[in-house]
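**Student:** In our numbering, the protein residues as written are 215 to 378. Right, I'll just put the structure down here and ask away after.
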Ligand SMILES: Cc1cc2nc3c(=O)[nH]c(=O)nc-3n(C[C@H](O)[C@H](O)[C@H](O)COP(=O)(O)OP(=O)(O)OC[C@H]3O[C@@H](n4cnc5c(N)ncnc54)[C@H](O)[C@@H]3O)c2cc1C
């Protein structure tokens with residue numbers, strides 16, 4: 215641990231060297247380049263806790279397959295609002311990372327972000343009905359327009375042969 219003098223000045227003090235401090239610090243540096251920012255991390259290096267890639271599933275939450283962002287109401291209907299909000303937030307994150315890459319503040323995107331297909335697989339009539347309702351609620355939005363739905367075993371076999 216490094217000790218800071220009681221008289222040392224900082225405009226912003228960030229406690230912890232995880233993704234949240236890194237992101238907030240990067241935002242502030244863009245908005246207020248003259249501010250001094252001090253960051254304190256109790257471990258030997260930043261990014262060793264939850265933000266460490268081996269401690270984290272590493273998926274960018276875009277509500278593509280996180281079904282918890284669109285729970286069914288009592289009547290079975292699905293409100294897409296939260297899933298849309300989460301996806302919009304993910305698009306904003308992508309815009310911010312793109313800005314950082316374009317301005318040379320972080321390296322090649324291939325080093326930290328990769329697109330992979332997402333899939334939600336459910337079993338049973340009730341769950342299939344929920345997934346169909348979710349699909350119908352989200353599909354009209356441009357952010358979800360490439361989403362596909364199927365109950366056809368041959369099609370599911372093509373998408374997920376090991377599961378079938
Ligand atoms: C198993 C798992 C899977 C996850 N999967 C996903 C996922 O797929 N997608 C997703 O978006 N999110 C996922 N998350 C959540 C995501 O990892 C966290 O929300 C995110 O990393 C939190 O970042 P943070 O900077 O707040 O915390 P951290 O990365 O934990 O950073 C906090 C830092 O503060 C330091 N610290 C703590 N106390 C002090 C102190 N008093 N003084 C100095 N330093 C201190 C710690 O050492 C640590 O380095 C997952 C989390 C876990 C645990």
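Virtual Cβ for every residue (Gly too), placed ideally from N, Cα, C.
#1: Inspect the beta-carbon positions of residue 257 and residue 235 and report whether they are closer than 7 Å.
#2: Can you tell me whether DSSP reads residue 252 as helix, strand or coil?
#3: Indicate, with yes or no, if ligand 1 has a heavy atom lying under 6 Å from the CB of residue 329.
#4: Taking the straight line between their C-alpha atoms, what separation do you get for residue 277 and residue 344?
#5: If we count the other Cβ atoms within 10 Å of its Cβ and call it buried at 16 or more, is residue 348 buried or exposed?
#6: Checking 7 Å against the spacing of the C-beta atoms, do residue 323 and residue 315 come in under that value?
#7: Could you tell me which of 268, 295, 244 sits nearest to residue 357, measuring between CA atoms?
#8: Mind checking whether residue 214 and residue 229 have CB atoms under 7 Å apart?
#9: If you follow the beta strand (DSSP E) that residue 228 is part of, which residue opens it and which one closes it?
#10: On the CB-based measure, 16 or more other CB atoms within 10 Å of its CB, does residue 297 come out buried or exposed?
#11: Which ranges would you report for the beta strand (DSSP E) in the segment 242-296 if only whole runs of at least 3 residues count?
#12: Check whether the Cβ of residue 275 sits closer than 6 Å to any heavy atom of ligand 1, and report yes or no.
#13: Pick out the complete beta strand (DSSP E) segments inside the segment 289-347, 3 residues or longer, and give them in chain order.
#14: How should residue 378 be labelled, buried or exposed, when 16 other C-beta atoms within 10 angstroms of its C-beta is the threshold for buried?
#15: Checking 7 Å against the spacing of the C-beta atoms, do residue 332 and residue 300 come in under that value?
**Tutor:** The relevant details are as follows:
#1: no
#2: strand
#3: no
#4: 15 Å
#5: buried
#6: yes
#7: 295
#8: The requested residue 214 does not occur in the structure, where the chain is confined to residues 215 to 378.
#9: 226-229
#10: buried
#11: 251-254
#12: yes
#13: none
#14: exposed
#15: no
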